[in-house]
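*Asks:* What follows is a single structure, and I will ask about it in a moment.
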Amino acid sequence: KQEVTQIPAALSVPEGENLVLNCSFTDSAIYNLQWFRQDPGKGLTSLLLIQSSQREQTSGRLNASLDKSSGRSTLYIAASQPGDSATYLCAVPYSGAGSYQLTFGKGTKLSVIP
Amino acid sequence: NAGVTQTPKFQVLKTGQSMTLQCAQDMNHEYMSWYRQDPGMGLRLIHYSVGAGITDQGEVPNGYNVSRSTTEDFPLRLLSAAPSQTSVYFCASSHRESNQPQHFGDGTRLSIL
Chain A
1 KQEVTQIPAA LSVPEGENLV LNCSFTDSAI YNLQWFRQDP GKGLTSLLLI QSSQREQTSG
61 RLNASLDKSS GRSTLYIAAS QPGDSATYLC AVPYSGAGSY QLTFGKGTKL SVIP
Chain B
115 NAGVTQTPKF QVLKTGQSMT LQCAQDMNHE YMSWYRQDPG MGLRLIHYSV GAGITDQGEV
175 PNGYNVSRST TEDFPLRLLS AAPSQTSVYF CASSHRESNQ PQHFGDGTRL SIL
């Protein structure tokens, strides 16, 4: 059974700092890995999707890397802003399932202090 | 674009009542799914569908029914509500290819008294 762990559970940083969020998964036979953002009381917004053949993806100040062999992914946020405050979730497909049946980590709650 | 639309946004039910949570998407996505999100448990897959007329169970299907008569709609039915079903419910959709991200609705916050 696929299990996803995110460390730390919460993180507080001053504005402008670069930061890294971590995600680990137990079954490396995955189609892809997705990073999502969730604002309080809202749904999930997809930030980055890394396919199994890729090592990283970038979008603006966000960079996500994937190391399938070690079962790890990181989300790097450059020059953090108060607007980045949210919960960040990573998700991978269920073991042996299609790419769209997702197992989620419990998230990292990020607070960026002005 | 509306994306994924969930209704209602909030609902309070009494134990034993039934109700249907609605989900509609306008992106012609083949795949749709329902998750529940509980404190300390994260999101868990309830049911999913890979196309009209095809549904299957996820990790926590007990107490819920689904059907997929059209590509656009994927309602979730609670047959006899229980307090353990108090949760936030999210509907998601995507194309079937592995390079396509999931799109989520804003959720339905459901309380069972």
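Top line first, the protein sequences correspond to chains A and B. In this text, residue positions in the first sequence follow the numbering used here: the first is 1, and each later residue adds one. In this text, residue positions in the second sequence follow the numbering used here: the first is 115, and each later residue adds one. All residues carry an ideal CB built from backbone N, CA and C; glycine is no exception.
#1: Of the residues that make up the region 71 to 87 of chain A, which ones have a beta carbon closer than 7 Å to any beta carbon in chain B?
#2: From this set, B:224, B:118, B:136, which residue's C-alpha is nearest residue 195 of chain B's C-alpha?
#3: Once you ignore the five residues that flank residue 82 of chain A on each side, which residues in its own chain have a CB closer than 7 Å to its CB?
#4: Give me, in chain order, the residues of the same chain whose beta-carbon lies closer than 7 Å to that of residue 197 of chain B; leave out the 5 immediate sequence neighbours on both sides.
#5: State yes or no: is the beta carbon of residue 60 of chain A nearer than 7 Å to at least one beta carbon in chain B?
#6: Please decide whether residue 109 of chain A counts as near chain B, where near means a Cβ-Cβ distance under 7 Å.
#7: Could you tell me whether any Cβ in chain A is nearer than 7 Å to the Cβ of residue 201 of chain B?
#8: Quick check: the Cα distance between residue 174 of chain B and residue 150 of chain B, rounded to an integer number of angstroms?
#9: Mind checking whether residue 217 of chain B and residue 118 of chain B have CB atoms under 7 Å apart?
#10: Take residue 27 of chain A as the anchor and find which of A:45, A:78, A:103 has the nearest alpha-carbon.
#11: Alpha carbon to alpha carbon, what distance is there between residue 222 of chain B and residue 122 of chain B?
#12: Considering only the beta carbon of each residue, do residue 64 of chain A and residue 50 of chain A sit closer than 7 Å?
#13: Which word fits residue 124 of chain B, buried or exposed, when buried means at least 16 other C-beta atoms lie within 10 angstroms of its C-beta?
#14: Once DSSP output is grouped into helix, strand and coil, what is the label at residue 197 of chain B?
*Replies:* Here's the rundown:
#1: none
#2: Position 81 of the second sequence, counted from the start, is the residue given in the question as residue 195 of chain B. Selected option, being the one with the closest Cα: B:224.
#3: Within the first sequence, the letter at position 82 stands for residue 82 of chain A. Cβ within range, chain order: 15, 112, 114.
#4: The residue labelled residue 197 of chain B in the question sits at position 83 within the second sequence. Around residue 197 of chain B: 129, 226.
#5: Within the first sequence, numbered from 1, the residue matching residue 60 of chain A stands at position 60. Answer no: the Cβ-Cβ gap between residue 60 of chain A and chain B never drops below 7 Å.
#6: Against the first sequence, residue 109 of chain A aligns to sequence position 109. By this cut-off, residue 109 of chain A is not an interface position.
#7: Sequence index remark: in the second sequence, residue 201 of chain B carries index 87 (1-based). Judged by the 7 Å Cβ criterion, residue 201 of chain B is not in contact with chain A.
#8: For the purposes of this step, residue 174 of chain B is identified with residue 60 of the second sequence, where counting begins at 1. For the purposes of this step, residue 150 of chain B is identified with residue 36 of the second sequence, where counting begins at 1. About 9 Å.
#9: Numbered from 1 along the second sequence, position 103 holds the residue referred to as residue 217 of chain B. Numbered from 1 along the second sequence, position 4 holds the residue referred to as residue 118 of chain B. For residue 217 of chain B and residue 118 of chain B, yes; Cβs fall inside 7 Å.
#10: Your numbering for residue 27 of chain A matches position 27 in the first sequence. Answer by Cα proximity: A:103.
#11: What you label residue 122 of chain B is simply residue 8 of the second sequence in a count that begins at 1. What you label residue 222 of chain B is simply residue 108 of the second sequence in a count that begins at 1. Near 6 Å, if we compare the C-alpha coordinates of residue 222 of chain B and residue 122 of chain B.
#12: Along the first sequence, one-based indexing puts residue 64 of chain A at 64. Along the first sequence, one-based indexing puts residue 50 of chain A at 50. Yes. Within cutoff.
#13: The residue you call residue 124 of chain B lines up with position 10 of the second sequence. Under this definition residue 124 of chain B is an exposed residue.
#14: For the purposes of this step, residue 197 of chain B is taken as residue 83 along the second sequence, with counting starting at 1. Note: residue 197 of chain B maps to helix in three-state DSSP.
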